[in-house]
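K.L.:
Be aware that the sequence shown starts at 1402, since it is given in this note's numbering, and climbs by one per residue.
Glycine is no exception: its CB is placed at the ideal position from the N, C-alpha and C atoms.
Since this is a predicted model, take the numbers as computed values, not measurements.
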Amino acid sequence: MQTNTQVILANRPVGEATPDCFSVETEELAPLADGQVRVAVDYISVDAGTRTMLRGEGFHMQVEMGQTILAGGVGRIIESAADGWEVGQAVRGGLGAQTVATVPTELLEKIDTSIAPASAYLGVLGASTGITAWIGIRCVAKPNAGDVFVVSAAAGAVGSIAGQIAKRDGATVIGIVGGAKKTAYLTEKLGFDAAIDYKNENVTERLRELAPNGVNVFFDNVGGPVLDAVLDHIAMHGKVVICGAISQYDDMDNVTGPSMYLRLAERQATMEGYAYFHFPDHIGPAMAELAGWVADGSIIADEEVLEGIDRYPEALQFMFNGGNIGKLLVKAS
Ligand code: NAP
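1. What is the rounded straight-line gap between the Cα of Y1675 and the Cα of C1644?
2. Note down, in chain order, each residue of its chain lying with its Cβ closer than 6 Å to the Cβ of I1445, except the 5 sequence neighbours on either side.
3. Kindly indicate which three-state DSSP category Y1377 falls into: helix, strand or coil?
4. Flag N1655 as yes when its Cβ comes closer than 6 Å to any non-hydrogen atom of the ligand NAP, and as no otherwise.
5. What first and last residue would you give for the alpha helix (DSSP H) that runs through D1629?
6. Which one of A1521, S1529 and G1571 has the shortest CA to CA distance from G1560?
7. With distances taken from CA atoms, which of T1427, G1450, V1504 and A1491 is nearest R1439?
8. If we count the other Cβ atoms within 10 Å of its Cβ and call it buried at 16 or more, is G1576 buried or exposed?
9. Could you give the distance in angstroms between the alpha-carbon of T1573 and the alpha-carbon of A1702?
10. Ordered along the chain, which non-local residues of its own chain (more than five positions away) have a Cβ less than 6 Å from that of K1640?
11. Round the Cβ separation of M1637 and R1664 to the nearest angstrom and send it over; I've been treating them as touching at under 8 Å.
12. The ligand NAP heavy atoms versus the CB of G1564: any closer than 6 Å?
13. If we call anything under 7 Å between Cβ atoms a contact, is N1405 one with E1426?
14. What separation, rounded to the nearest whole angstrom, lies between the Cα atoms of L1611 and N1545?
15. From this set, G1457, D1448 and S1481, which residue's C-alpha is nearest G1495's C-alpha?
16. Please go through the same chain and pick out, in chain order, the residues whose beta-carbon is closer than 8 Å to the beta-carbon of C1422, but skip the five residues on each side of it.
17. Applying the 10 Å Cβ sphere with the 16-neighbour rule, what's the burial state of P1432?
18. According to the Cβ coordinates, are V1549 and G1564 closer than 7 Å?
19. Quick check on the DSSP output: the alpha helix (DSSP H) that includes F1460 runs from which residue to which?
20. Below 6 Å CB to CB, which residues in the same chain sit around K1728 once its five sequence neighbours on both sides are set aside?
21. Using CA atoms only, rank isn't needed, just tell me which of G1547, A1581, F1593 and F1620 is closest to G1571.
22. Does the distance between the C-beta of E1721 and the nearest non-hydrogen atom of the ligand NAP fall short of 6 Å?
23. Given this structure, state the Cα-to-Cα distance separating A1418 from D1633, to the nearest angstrom.
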């Protein structure tokens, strides 16, 4: 009998999502129903937004108690009861945090692993990673050549790609990250113009030094005090793009608003939020351009991999403590 090992929600987190919120359980699998396929999951995507799915209510889809954690994944079909979906086909979809997913094909998309390795379809070519970054830059932030562009969580999955696209588009790019290892990563490996360590430096003071005329575009992934510090130094006609706010996700009942928002009025600046799925027509072009950069090696898309489904329970804590550089994945088996 074939089995599946899955990560389920055992306790709703209060504050940080710690490993005891999850339980790893193995079940025997029933025979496939018509139209279903069975997928051996290779990689599971770990996303900041997953924390907001564990509350029981909110903007994102929610995980019920005892339910498999919702997550994007990539894998290979190992059994099929669906026409046109052959064993061996590589696929991507909402596979969940588990080793073997039994799913209807409507949830799946075929992927071409001759273009990029399967894991890249969750990272630089993934909807909630590279495509989110591309849409955020090209459809919302739209930095001009010569602009000072600042991005937070800049060494993470979305931020590292967003900063590289802004750099390609001619902006001067400053990344905000936690710790010296990450500031070095931004300037020495990703080619950012400068980096600020928000854990050990005064962000407002550093911005004054690095960008005396202010920040033209801020691409924010973290919210909280970092958002305030950059708002304080936004340029005339500047733009703040709210991609996310990870600093708020552990306590969404008490979100801290930006106390510096009056800088928007003083500097005739704007603030605009978005989700990648608000721009469905741009997902194809985003994918095509990102795949071109992957093929010619002109984009750096690092991945941080935790090996084994048993490590999923620590994954969110690892991310929320700033452990990852690049896209965080769990290798399921
Ligand atoms: P990620 O950037 O790979 O990882 C999150 C990073 O956030 C951590 O590595 C950590 O880096 C930083 N961080 C954690 N807690 C923080 C805090 N309290 N204050 C400041 N920084 C903190 O994660 P991701 O999955 O790519 O998500 C990045 C952002 O994009 C999230 O806000 C997410 O919700 C958003 N997102 C938006 C969309 C959309 O459609 N709008 C889609 C996908 C994701 P440091 O070491 O630098 O602190």
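P.N.:
Short version:
1. Position 274 of the sequence shown, counting from 1, holds the residue named residue 1675. Position 243 of the sequence shown, counting from 1, holds the residue named residue 1644. Roughly 6 Å between the two C-alpha positions.
2. Residue 1445 sits at position 44 when you count from the first residue of the sequence shown. Cβ within range, chain order: A1472, G1474, A1498, V1731 and A1733.
3. The structure shown does not extend to residue 1377, since the chain is modelled only from 1402 to 1734, so the question has no answer here.
4. Position 254 of the sequence shown, counting from 1, holds the residue named residue 1655. Incorrect: N1655 has no Cβ contact closer than 6 Å to the ligand NAP.
5. Taking the first residue of the sequence shown as position 1, residue 1629 is located at position 228. Element bounds for D1629: G1625 to L1632.
6. Numbered from its first residue, the sequence shown carries residue 1560 at position 159. Of the listed residues, the one whose Cα sits closest to G1560 is S1529.
7. Within the sequence shown, the letter at position 38 stands for residue 1439. Of the listed residues, the one whose Cα sits closest to R1439 is V1504.
8. Within the sequence shown, the letter at position 175 stands for residue 1576. Of the residues assessed, G1576 falls on the buried side of the cut-off, its CB having 16 or more other CB atoms within 10 angstroms.
9. Taking the sequence shown and counting its residues from 1, the one referred to as residue 1573 is at position 172. Taking the sequence shown and counting its residues from 1, the one referred to as residue 1702 is at position 301. Each residue's alpha carbon lies about 20 Å from the other.
10. Mapped onto the sequence shown, residue 1640 falls at position 239. Excluding positions up to five away in sequence, the list reads V1618 and T1671.
11. Along the sequence shown, one-based indexing puts residue 1637 at 236. Along the sequence shown, one-based indexing puts residue 1664 at 263. Not really, about 10 Å apart at Cβ, beyond 8 Å.
12. Translated into the one-based positions of the sequence shown, residue 1564 becomes position 163. Result no, Cβ not under 6 Å from the ligand NAP.
13. Counting from 1 along the sequence shown, the entry for residue 1405 is found at position 4. Counting from 1 along the sequence shown, the entry for residue 1426 is found at position 25. No; because the gap between Cβ atoms is not below 7 Å, this pair is not in contact.
14. Indexing the sequence shown from 1 puts residue 1611 at position 210. Indexing the sequence shown from 1 puts residue 1545 at position 144. If you take the alpha carbons of L1611 and N1545, they lie about 18 Å apart.
15. The residue given as residue 1495 occupies position 94 in the sequence shown. Scanning G1457, D1448 and S1481 for the CA closest to the CA of G1495 turns up D1448.
16. Locating residue 1422 in the sequence shown gives position 21, counting from the first residue. Only L1410, A1411, N1412, R1413, P1414, L1455 and P1714 meet the Cβ criterion.
17. In the sequence shown, counting from the first residue as 1, residue 1432 sits at position 31. So P1432 counts as exposed.
18. Counting from 1 along the sequence shown, the entry for residue 1549 is found at position 148. Counting from 1 along the sequence shown, the entry for residue 1564 is found at position 163. No, the pair does not count as a contact, with Cβ atoms beyond the cut-off.
19. For the purposes of this step, residue 1460 is taken as residue 59 along the sequence shown, with counting starting at 1. From DSSP, F1460 is part of no alpha helix (DSSP H); its letter is neither H nor E.
20. Start at 1 with the first residue of the sequence shown, and residue 1728 comes out as number 327. Here the set comprises G1524, T1530, A1558 and E1704.
21. Taking the sequence shown and counting its residues from 1, one reaches residue 1571 at position 170. Out of G1547, A1581, F1593 and F1620, G1547 has the C-alpha closest to the C-alpha of G1571.
22. As a working mapping, residue 1721 is identified with position 320 in the sequence shown. It should be pointed out that residue 1721 corresponds to Phe in this sequence rather than to Glu. Answer for F1721: yes, Cβ within range of the ligand NAP.
23. Counted from its first residue, the sequence shown places residue 1418 at position 17. Counted from its first residue, the sequence shown places residue 1633 at position 232. Near 31 Å, if we compare the C-alpha coordinates of D1633 and A1418.
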